[in-house]
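Since the structure comes first, as structure tokens, the remarks are kept for the end.
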Amino acid sequence: MAAEENRVQASAETITGLMDAEHNRLRDLWEHTTAALKAEEFARLHGVARDLITAVKRHISVEEQILFPAIESKGKNNEPTEAMRMEHRQMEHMLEQLEPLLTVAELWTGINAIEGQEIEPGALLRSHENKEHDVLFPLAEQLLGADEARMLVGRMRTELNKA
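Taking the working numbering, the leading residue of the sequence shown gets 396, the next gets one more, and so forth.
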């Protein structure tokens with residue numbers, strides 16, 4: 396993928412806007428990964444799977460190192476961030492199971508890396524994204540206020556766009 400496609404758009408000025416753009420990018424990477432596997436284009440698969448794994452890990456890190464502490468600093472109910480951390484551990488396990496996609500040279504091994512999981516990776520990503528979009532990001536914007544949220548968006552975008 397071109398470097399520009401791996402960047403979160405600068406036009407996303409709210410937490411929800413930034414992270415929705417990031418979720419769209421992660422969804423696209425997942426679709427490219429599964430398409431490359433189905434087409435048995437293993438060289439392309441290795442690259443897009445690496446991009447996906449790296450991007451999801453970075454996404455988790457940004458939320459846990461920047462967003463969650465900002466929400467929790469407001470001293471309110473931490474249940475939403477605790478729930479998201481638990482899901483992040485599930486996602487990290489999922490990523491470990493996807494690692495064969497980085498070197499796979501035949502279709503069956505790749506299919507097994509995806510279908511051999513407790514929860515289908517695409518479904519796990521969508522479910523997590525919906526919870527963040529519907530609960531976590533609006534909560535963050537409400538608790539932080541516009542100015543603090545804007546500063547946070549800048550920090551998060553910088554981290555998400557690191558090569």
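No residue lacks a Cβ here, since even glycine has one placed at the ideal position from N, Cα and C.
Please classify residue i: is it buried, with 16 or more other beta-carbons within 10 angstroms of its beta-carbon, or exposed?
i, result
"Gly-540", "exposed"
"Met-598", "As shown, the chain starts at 396 and ends at 558. That puts residue 598 outside it, with no answer to give."
"Leu-547", "buried"
Quick check: what's the CA-CA separation for residue i versus residue j?
i, j, result
"Gly-511", "Ala-500", "17 angstroms"
"Ile-514", "Met-486", "10 angstroms"
"Thr-411", "Arg-545", "11 angstroms"
"Ala-405", "Phe-532", "In this prediction, Ala-405 has a pLDDT of 42, which is less than 50 and means its spatial position is unreliable; what the coordinates show is noted afterwards. For Ala-405 and Phe-532, the distance between alpha carbons rounds to 18 angstroms."
"Pro-495", "Asp-542", "43 angstroms"
"Gly-505", "His-441", "10 angstroms"
"Gly-517", "Asn-472", "29 angstroms"
If you measure between the beta carbons of residue i and residue j, is that distance less than 7 angstroms?
i, j, result
"Ile-466", "Ala-535", "yes"
"Ala-444", "Leu-421", "no"
"Lys-433", "Leu-538", "no"
On the DSSP letters alone, give me the boundaries of the alpha helix (DSSP H) that residue i sits inside.
i, result
"His-528", "From DSSP, His-528 is part of no alpha helix (DSSP H); its letter is neither H nor E."
"Gln-485", "474-493"
Relative to the ligand ATP, is the shortest distance from any of its heavy atoms to the C-beta of residue i smaller than 6 angstroms?
i, result
"Val-457", "Although the ligand ATP was asked about, the structure shown includes no ligands whatsoever."
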